[in-house]
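See structure below.
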């Protein structure tokens, strides 16, 4: 692509912070964002910032968390409430009202035996059918599904007795296009990827991608499964075509090398599901465009339809730090506006231009 036509990655704000941040989320329908992580004394840090004249203005700083905070999501919250679901280092799941964080969470439950590595939400913010639910994955190898109206998990996927316990590093909701259907995906440190159908209560698909799964995300939660992006250790991205599942071959996928280091996160653009970003261990982030094949199915040798994977095009890339990018979030309201955090204790906002051309 002509460089004059390519998307440009423009740094808008570079803000230094005093804690190690592990997640950053835009607060829906606002120019504010929340960043969370761990302080040097191992307590939790949760700061709310507002964009103000090219700077990040600190609105609130919470000191009420006794342990580090690892991950967060607004996915299960009503748009009017915008409550944040948080997983911490002690395995505790909390739902907090950001207007009064220090008064304590509105929901709190011991979800896992140790650190919650990943969290996702569905059914809130007008995205996805069905009840609002929260999905957590922990170091204890368990994946649990929560409805904040009850104290016990709705579903628990746990290692069988006698089986080795593998860290669950990533979880995601998908296929929530009506009030009955919903799927969850989980990625583990040994490279396992598992897809569980909540309507039929069955394990729909499992595979191994060869390296630990650091992140996975469906391109949309509220449509029939279309694509699933999976990032791993050893600089690998896989994009699965989730529309056609073959009984023995499973889902078709493409594999791409990126960053020359671990790919820590992947996020699809809310305004265009075929554009996604990856954050790497080399301190760089890449913007990709997915291209569909001419035909998304083909006849396998047993005359059963099998999916056909497309291809990805690198739109632009930029190395911005010497430390890994561990969290990234697109603004749901302003196309191209994004926030990210690196392990060099910085919080940055970027503007990605010309995304409307794709």
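Numbering (the numbering used here), first residue to last: 168 to 525.
By construction, the Cβ of each residue, glycine as well, lies at the ideal position given by its N, Cα and C atoms.
All values reported here derive from a predicted model rather than from experimental measurement.
_Cutoff 7 Å; reference residue 450; Cβ partners in own chain excluding five residues on either side_ = Closer than 7 Å at the Cβ level, and outside the excluded window around residue 450, lie 486, 487, 488, 489, 490, 491, 492 and 509.
*Collapsed DSSP secondary structure at residue 322 in the structure displayed*: Strand at residue 322.
_At least 3 beta-carbon pairs within less than 8 Å: the segment 232-243 vs the segment 254-266_ = They touch, by the three-pair rule.
*asked:* Please tell me whether residue 399 and residue 378 are closer than 7 Å, where the distance is taken between their beta carbons.
replied: Yes, these two residues count as a Cβ contact at 7 Å.
*asked:* In the DSSP output, what is residue 496 paired with across the bridge?
replied: In DSSP, residue 496 forms a bridge with 506.
_Quick check on DSSP: helix, strand or coil for residue 269?_
In the structure shown, residue 269 falls within a helical segment according to DSSP collapsed to helix, strand and coil.
*May I ask you to report which of helix, strand or coil DSSP gives residue 481?*
Annotated three-state conformation of residue 481 is strand, per DSSP.
_In this structure, how does DSSP classify residue 168 when only helix, strand and coil are distinguished?_
Confidence at residue 168 is low in this model, with a pLDDT of 48, below 50, so the placement of that residue is unreliable and no value is reported for it.
*asked:* Taking the beta carbon of residue 279 as the centre, do at least 16 other beta carbons fall within 10 Å, making it buried, or is it exposed?
replied: Counting Cβ neighbours within 10 Å, residue 279 comes out buried, since at least 16 surround it.
*Just to confirm, are residue 430 and residue 404 a CB contact at a threshold of 7 Å?*
With respect to residue 404, residue 430 sits close: the two C-beta atoms are nearer than 7 Å.
*Since residue 479 and residue 406 are thought to touch, with beta carbons under 8 Å apart, how far apart are those beta carbons, to the nearest angstrom?*
Right, their Cβ atoms sit about 7 Å apart.
*asked:* To test your reading of the DSSP string, which unbroken beta strand (DSSP E) runs of 3 or more residues are found completely within the segment 386-416?
replied: List check, beta strand (DSSP E) in window: 394-399 and 403-413.
*Look up residue 313 in the DSSP assignment and give the residues it is bridged to.*
301, per the DSSP bridge assignment.
_N- and C-terminal bounds of the beta strand (DSSP E) containing residue 373_ = Residues 369-375.
*Expressed to the nearest angstrom, what Euclidean distance is found between the alpha-carbon atoms of residue 226 and residue 219?*
It is roughly 11 Å from the alpha-carbon of residue 226 to the alpha-carbon of residue 219.
*Please state if the CB of residue 206 and the CB of residue 198 are separated by a distance shorter than 7 Å.*
Not closer than 7 Å, so no.
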